[in-house]
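Each residue of the sequence shown is one higher than the one before, counting from 1441 in our numbering. Even glycine gets a Cβ: it sits at the ideal position worked out from N, Cα and C. Since the model is a prediction, treat every value here as computed from it, not as a measurement. Heads up, the thing below is written out as structure tokens.
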Amino acid sequence: MQTKQQIRDNANLKKISLPSLTTTNIVFEVVGNPKLKKLCANKLKNGGRVCIGNDQPDLDADLSELVTGSFLGLDVCYQDSDASTVCGPDGGLGLFSSPSNRCPSNACMMHADE
């Protein structure tokens, strides 16, 4: 099944939790959410064309299983594996690299007061 996940242009969105999402064959796009602090998609393995917006400065994203996909070529998207706010698979084997300063991510640790 071909799937697309777009979460964009939500002025007050603070967190996204997609703990069961494993595949988005077409597009996985999270962009234009200026208050977004947490993105949990830690079981996503195939992202299709991926856009994590570089316009979300406080974002802590866990994409620690994302191994298949390509970058969506938009100016507002991170264009390489060194996205400063994204935790990717260890060993540089995935779409996003994972220097020790970003992983593990706290994005999937949800608290009742958030």
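Check, Outcome
"Would C1390 pass as a contact of C1491 if the rule is Cβ separation under 8 Å?", "The first residue shown for the chain is 1441 and the last is 1554, placing residue 1390 beyond what the model contains."
"In the DSSP assignment, find the unbroken beta strand (DSSP E) run with T1525 in it and report its ends.", "Segment: none, T1525 is in no beta strand (DSSP E) and carries neither H nor E."
"Are the CB atoms of G1493 and G1509 nearer to each other than 8 Å?", "no"
"What does DSSP give as the partner residues of K1478 in its beta bridges?", "K1455 and D1500"
"How should K1454 be labelled, buried or exposed, when 16 other C-beta atoms within 10 angstroms of its C-beta is the threshold for buried?", "exposed"
"Helix, strand or coil for S1545 per DSSP?", "coil"
"In whole angstroms, give me the CA-to-CA distance for S1521 and L1503.", "12 Å"
"Which whole-angstrom value describes the C-beta separation of P1529 and E1505, a residue pair presumed to lie in contact below a C-beta threshold of 8 Å?", "6 Å"
"Applying the 10 Å Cβ sphere with the 16-neighbour rule, what's the burial state of Q1519?", "exposed"
"Which of helix, strand or coil does DSSP assign to N1486?", "strand"
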